[in-house]
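K.L.:
The numbering used here puts the sequence shown at residues 36 to 245. Even glycine gets a Cβ: it sits at the ideal position worked out from N, Cα and C.
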Amino acid sequence: MLVLHYTGMVDAASAIARLRDPEAKVSAHYLVAEDGTILRLVDEDKRAWHAGRSYWRGITNVNSASIGIEIVNPGHEFGYRPFPDEQIGALVPLVHDIERRHGITRGNVVGHSDIAPARKQDPGELFPWGKLARLRLALPRPTKNLMDPGWTDGGFLMALERFGYDVEQPEAAVTAFQRRFRPELIDGEIDAECRMILLALLLPKPQGDD
């Protein structure tokens, strides 16, 4: 899988220093700076320590099954802001190349908050998932022919777990889902729109589109 992060530090220099510090025990395969510069920090055939305690679609040791990209952004703690066009312009071909070479499906291109909803918020609600989706590099937010399946909250959580999320902490899982697929309203509440979006994501798709 491919996991996207923001650095969540005051500037790129601080993030790079931490990612290169063996004592920090944090690393990623790539870092994308705000000006579009790409640094390769760990070879793709090596494990990087970017996911931490996480889960996605039955995988609990995400570091062993993923490539991690850190995207420079101060994050929610230090002044979260939109990602510059130059940065996303550099990220897109990098993501495309990694997906192509490793056969990563769109359903396994995730944010850190998707795989660790109780701990993480990155890359956050300002990340342009829609742009990646339009280029078929990530799952799109469903917008057409939406139907409310009428699930109870328990039914929604079962469906959310089937899609891939760890639902041990339900509100955190719902919040992470909203951050990814309904960023204009992130309240941790299960509503009809959340149910409709999730149902559409779970409906059968052409081979290779999951």
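Can you round the beta-carbon distance between Val38 and His85 to whole angstroms, since I take them to be within the 8 angstroms contact cut?
P.N.:
Confirmed, about 6 angstroms.
K.L.:
Name the residue from Val127, Ala207 and Tyr115 whose alpha carbon lies nearest to the alpha carbon of Ile150.
P.N.:
Selected option, being the one with the closest Cα: Ala207.
K.L.:
Pairs of beta-carbons, one from the region 194-213 and one from the region 125-138, closer than 8 angstroms: are there three or more?
P.N.:
Contact between the region 194-213 and the region 125-138 is absent, because fewer than three Cβ pairs lie under 8 angstroms.
K.L.:
When the Cα atoms are used, what is the spatial distance from Asp56 to His137?
P.N.:
Cα to Cα, Asp56 sits roughly 28 angstroms from His137.
K.L.:
Should the region 39-48 be regarded as contacting the region 102-120, the criterion being three or more beta carbon pairs within less than 8 angstroms?
P.N.:
Because the criterion of three Cβ pairs below 8 angstroms is met, the region 39-48 and the region 102-120 touch.
K.L.:
Alpha carbon to alpha carbon, how far is Ile73 from Gly243? Give it in angstroms, no decimals.
P.N.:
Any reading at Gly243 needs caution, since the residue's pLDDT is 48, under 50, leaving its predicted position unreliable; the model's value is listed next. For Gly243 and Ile73, the distance between alpha carbons rounds to 28 angstroms.
K.L.:
DSSP state of His40, grouped into three classes?
P.N.:
His40: strand per DSSP, three-state reduction.
K.L.:
Using the rule of at least 16 other Cβ atoms within 10 Å of the residue's Cβ for burial, across every protein chain shown, is Ser62 buried or exposed?
P.N.:
The residue is buried, with at least 16 neighbouring Cβ atoms inside 10 Å.
K.L.:
Taking the continuous beta strand (DSSP E) assigned at Ile104, which residues delimit it?
P.N.:
Ile102 to Ile106 is the span of the beta strand (DSSP E), which, as asked, contains Ile104.
K.L.:
Tell me the rounded alpha-carbon separation between Ile225 and Gly190.
P.N.:
Approximately 11 angstroms, taken between the alpha carbons.
K.L.:
Hey, would you say Arg176 sits closer than 8 angstroms to Ile232, going by beta carbons?
P.N.:
Yes, Cβ-Cβ distance for Arg176 and Ile232 is below 8 angstroms.
K.L.:
Does the distance from the CB of Arg88 to the CB of Arg154 come in under 8 angstroms?
P.N.:
Yes.
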